[in-house]
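Numbering (my numbering), first residue to last: 786 to 874. From the three backbone atoms N, C-alpha and C, an ideal C-beta is built for every residue, glycine too. Predicted model, so just to flag it, every value in this text is computed and none were measured. Read the structure below first, then the notes.
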Amino acid sequence: LSTGHICTGSTTLSTPGQSTVRVNSILVARQTDPTVSHPFPPNPPCAPHVAKVNVGSSTVRVAGLPIARIGDSADQGAMTSGSNNVFAG
Numbered sequence: 786l787s788t789g790h791i792c793t794g795s796t797t798l799s800t801p802g803q804s805t806v807r808v809n810s811i812l813v814a815r816q817t818d819p820t821v822s823h824p825f826p827p828n829p830p831c832a833p834h835v836a837k838v839n840v841g842s843s844t845v846r847v848a849g850l851p852i853a854r855i856g857d858s859a860d861q862g863a864m865t866s867g868s869n870n871v872f873a874g
């Protein structure tokens, strides 16, 4: 995902908070699921922090939370990857 930061432009999601629903054999990420720790501005030092998926689908939920999709807000950026053959409203 894109962090929206100058120091570290991208990061990945940590293990999702749910462990039962998969899409294309990958656990589904949801709103509030955390990123891995990554540096944060201002220029130096960039203190490490953990962010989260900010928003998700308004209609599709997994374990009570909206699922994250490509383009959904995460940290100060957005989700940039996901399953290209699965679509959620």
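DSSP-derived helix/strand/coil call for residue i
i	result
R854	coil
A832	strand
I811	strand
Residue i classed as buried or exposed, judged by whether at least 16 other C-beta atoms fall within 10 angstroms
i	result
V835	exposed
A832	exposed
Which listed residue (the options) has its alpha carbon closest to that of residue i
i	options	result
S787	D857, R807, N869	D857
S822	D860, A853, Q816	D860
V840	P819, I791, T805	P819
C792	S799, P801, R807, P824	P824
T865	A848, T844, V838	V838
T817	S868, G867, A853	A853
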